[in-house]
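In full-length UniProt numbering, the protein residues as written are 1 to 699.
Glycine residues also receive a C-beta, built at the ideal position from the N, C-alpha and C atoms.
This structure is a prediction, so every number in the text was calculated from the model and none was measured.
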């Protein structure tokens with residue numbers, strides 16, 4: 001074909017987080033169906049730095065911008081490339097697609113159907129090994145010599161004993177190992193020739209074998225639960241089933257009973273712990289803990305989520321997962337693979353939205369209702385950028401029911417914006433009632449403290465409650481969020497159902513607000529996050545409201561992360577401020593007097609949160625609860641992280657079932673049900689009201 005031309009030239013290639021984008025010299029070899037690259041044009045005579053087989057590859061223009069595109073090889077390897085402009089990108093993409101189509105079709109024409117061929121995966125790599133003829137009646141298991149075990153038929157066991165479950169676990173482990181060997185053997189086949197890794201029957205075998213193992217694991221989990229319920233009290237003292245034990249004990253936690261010695265609980269038999277769990281009534285002994293901010297230290301963790309390695313290595317797992325999902329399917333109960341997880345809980349992610357406490361505190365310092373509403377909109381729009389860790393879309397841990405997260409921020413008073421028109425004498429007596437002193441009570445502190453607490457109050461549906469307060473400024477915010485996830489094809493949508501209320505007690509104002517939807521796009525290539533939807537902010541007392549639109553990127557053209565909004569006085573329907581820009585870049589505020597203000601989010605200072613060390617945290621505070629998963633992810637040990645994650649999830653399911661059987665209600669620790677929402681048990685508006693009443697009585 002006239003279009004099958006060899007082309008070459010410089011493109012930028014994304015290497016890794018450290019080195020980022022680098023110029024490399026690329027060569028498209030149409031005859032061989034290869035895309036090769038070199039350090040520069042002068043090194044073209046040397047061995048290529050990298051080579052991709054284009055047969056079976058997918059060439060995808062990115063929707064991030066008009067210059068970037070990806071080449072996804074059938075092997076799972078991926079190149080993320082960037083041309084100098086849209087025209088050059090189109091030139092490369094069209095030539096790569098033509099070459100890919102040509103070589104993919106050639107493989108199909110040159111390879112007969114699988115059942116007419118003779119081969120043995122076990123003999124790969126040995127030229128002298130004889131082939132094995134496949135008969136039509138021969139199934140995949142016997143064909144690939146995947147071994148299986150038969151239980152003795154002469155013995156009948158009425159109740160399965162622990163040693164039999166151990167045997168089953170051993171069989172499962174062997175089957176999993178053989179299944180991995182099978183997958184590895186298929187993937188090691190060449191991309192062209194008599195038998196290839198792209199053979200349709202082999203691809204189907206990969207998918208079905210993986211699905212079969214998943215089904216067997218589910219069945220084995222059911223056996224575990226049945227065994228635990230049948231064997232209550234029947235095991236001899238001191239007997240333990242190691243693989244039934246969680247990595248940490250959650251029994252007392254899920255029964256809302258008094259916390260016993262945590263390490264000692266691990267050594268107890270599973271049946272004994274479950275008996276205690278059933279016997280204990282739901283008592284309100286999980287008293288809220290008062291966290292001393294002086295015990296908290298500045299956070300030194302900086303887990304950025306820009307590593308693409310794990311996602312690229314596990315692409316086949318993603319494809320298998322997607323094959324089982326349907327459009328619009330609710331993902332609440334779908335267990336997603338561990339390698340796509342962020343190294344933090346969802347509760348901590350909500351805390352990271354508070355990373356600009358100076359803007360939060362400055363809201364109440366506005367001299368007028370109009371200015372306070374505008375300041376709240378400014379704070380609201382700047383909170384999402386830091387809430388996301390990096391550009392790669394990863395999922396935070398699903399919080400365990402009863403899980404909590406505590407932190408605080410300290411902000412020097414000199415760093416908080418004031419208003420020249422604010423008259424200090426206008427402050428109400430409430431401020432003097434609650435103004436904190438230093439430990440000796442001698443003088444006012446020179447910094448503000450913002451305290452934060454979050455709790456997972458429900459598992460189905462998954463609802464989180466969070467609360468933050470600044471006592472010195474008589475302001476607090478209370479919110480509850482139900483995260484609903486849906487599969488949308490090549491993206492995942494998350495709806496944040498719920499409501500938040502900001503209380504400015506100094507002014508007697510309440511601001512209600514909602515949250516936008518979030519979308520994980522391009523989940524097969526380089527996943528990224530965008531926000532979408534319309535949110536509203538209202539203050540009933542002052543009559544001011546704000547309407548904010550988070551715009552998703554259109555299919556053709558348009559900008560990413562665009563946001564527009566306006567603040568208006570409802571009584572007069574007058575717009576007092578308009579805002580536009582990108583929620584992760586630059587925002588432009590235009591006021592009714594013609595003035596314009598720009599906020600560059602990339603240059604805003606971020607105040608690190610303060611968190612208690614792990615050894616001082618309770619066993620169900622997020623970082624301590626998930627510490628083994630987090631450590632394994634940092635070490636790149638996905639299998640170990642999955643094992644720890646599964647232990648937490650299985651214990652949660654077991655305890656949920658036991659609560660249902662005993663009709664034991666779940667008792668929250670920090671939040672109380674209030675209509676359709678959840679409210680912090682000791683909000684600042686109650687504390688201030690009580691203090692004001694006490695002060696009035698004393699006078």
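Problem set entry | Sheet register partners of residue 575 (DSSP bridge) | 568
Exercise. In its own chain, which residues sit with a C-beta less than 7 angstroms from the C-beta of residue 61, not counting the 5 before and 5 after it?
Worked result: 69, 89, 93
Problem set entry | Of the residues 473, 86, 520, 20, the one placed nearest residue 80, counting alpha carbons only | 20
Exercise. If you draw a straight line from the C-alpha of residue 41 to the C-alpha of residue 23, how long is it?
Worked result: 11 angstroms
Exercise. When burial is assigned at 16 or more other CB atoms within 10 Å of the CB, is residue 215 buried or exposed?
Worked result: exposed
For this session: Going by CA-CA distance only, name the one from 51, 220, 64 that's closest to residue 553.
Result: 64
Exercise. Between the C-alpha atoms of residue 208 and residue 100, what's the straight-line distance to the nearest angstrom?
Worked result: 27 angstroms
Exercise. Roughly how many whole angstroms lie between the Cα atoms of residue 217 and residue 584?
Worked result: 42 angstroms
Exercise. Looking at the structure shown, is residue 413 part of a helix, part of a strand, or coil, going by DSSP?
Worked result: helix
Exercise. When the Cα atoms are used, what is the spatial distance from residue 71 to residue 105?
Worked result: 18 angstroms
Exercise. Using DSSP with H/G/I as helix, E/B as strand and the rest coil, what is residue 39?
Worked result: coil
Exercise. Could you give the residue range of the alpha helix (DSSP H) that holds residue 400?
Worked result: Where residue 400 is concerned, there is no enclosing alpha helix (DSSP H), given that its DSSP letter is neither H nor E.
For this session: For residue 700, I'd like the list of residues in its chain whose CB is within less than 6 angstroms of its CB, leaving aside the five on either flank, ordered along the chain.
Result: The chain is shown from 1 up to 699; residue 700 falls before or after that span and cannot be answered.
For this session: Within the same chain, show all residues whose beta-carbon is closer than 7 angstroms to that of residue 15, passing over the 5 residues directly before and after it, in chain order.
Result: 22
Exercise. Quick one: what's residue 92 bridged to in DSSP?
Worked result: BP columns for residue 92 are empty, so no partner.
Exercise. For residue 679, which residues from the same chain have a beta carbon less than 7 angstroms from its beta carbon, with the 5 sequence-adjacent residues on both sides left out?
Worked result: 478, 671, 672
Exercise. Which value, in whole angstroms, describes the spacing of the CA atoms of residue 26 and residue 43?
Worked result: 11 angstroms
Exercise. Touch check for the region 370-383 and the region 632-652: three-plus C-beta pairs under 8 angstroms?
Worked result: no
Problem set entry | Enclosing alpha helix (DSSP H) for residue 640 [first to last residue] | 638-662
Exercise. Between residue 606 and residue 474, what straight-line distance do the alpha-carbon atoms span, to the nearest angstrom?
Worked result: 23 angstroms
Exercise. Counting along the chain, where does the alpha helix (DSSP H) carrying residue 630 start and finish?
Worked result: 627-635
Exercise. In whole angstroms, what is the alpha-carbon distance linking residue 287 and residue 663?
Worked result: 22 angstroms
For this session: For residue 57, name the three-state secondary structure that DSSP assigns.
Result: coil
Exercise. Leaving out five residues before and five after residue 415 in sequence, what residues of the same chain have Cβ atoms less than 7 angstroms from its Cβ?
Worked result: 358
For this session: Keeping to the same chain, check which residues put their C-beta closer than 7 angstroms to that of residue 468; ignore five residues upstream and five downstream.
Result: 354, 450, 451, 452, 476, 477
Problem set entry | Spatially closest choice to residue 642 from 371, 343, 219, by CA coordinates | 343
Problem set entry | Own chain residues within Cβ distance below 6 angstroms of residue 82, not counting five before or after | 12, 67, 68
Exercise. For the putative contact between residue 165 and residue 96, defined by C-beta atoms under 8 angstroms, what is the C-beta separation to the nearest angstrom?
Worked result: In fact, because the Cβ distance is near 52 angstroms, the residues do not count as touching under 8 angstroms.
Problem set entry | Residues near residue 456 in its chain [Cβ-Cβ closer than 6 angstroms; skip 5 each side] | 399, 401, 403, 464
Problem set entry | Contact under 7 angstroms by Cβ, residue 566 with residue 547 | yes
Exercise. Is DSSP giving residue 348 helix, strand or coil here?
Worked result: helix
Problem set entry | Nearest-angstrom beta carbon gap, residue 213 and residue 179 [assumed within contact, 8 angstroms] | 5 angstroms
Problem set entry | Same chain, Cβ closer than 6 angstroms to residue 588, five either side skipped, listed in chain order | 580, 581, 598
Exercise. How is the alpha helix (DSSP H) around residue 359 delimited, first residue to last?
Worked result: 357-362
Problem set entry | First through last residue of the beta strand (DSSP E) which encompasses residue 550 | 544-551
For this session: Just the C-alpha distance for residue 301 and residue 610, rounded to the nearest angstrom, thanks.
Result: 11 angstroms
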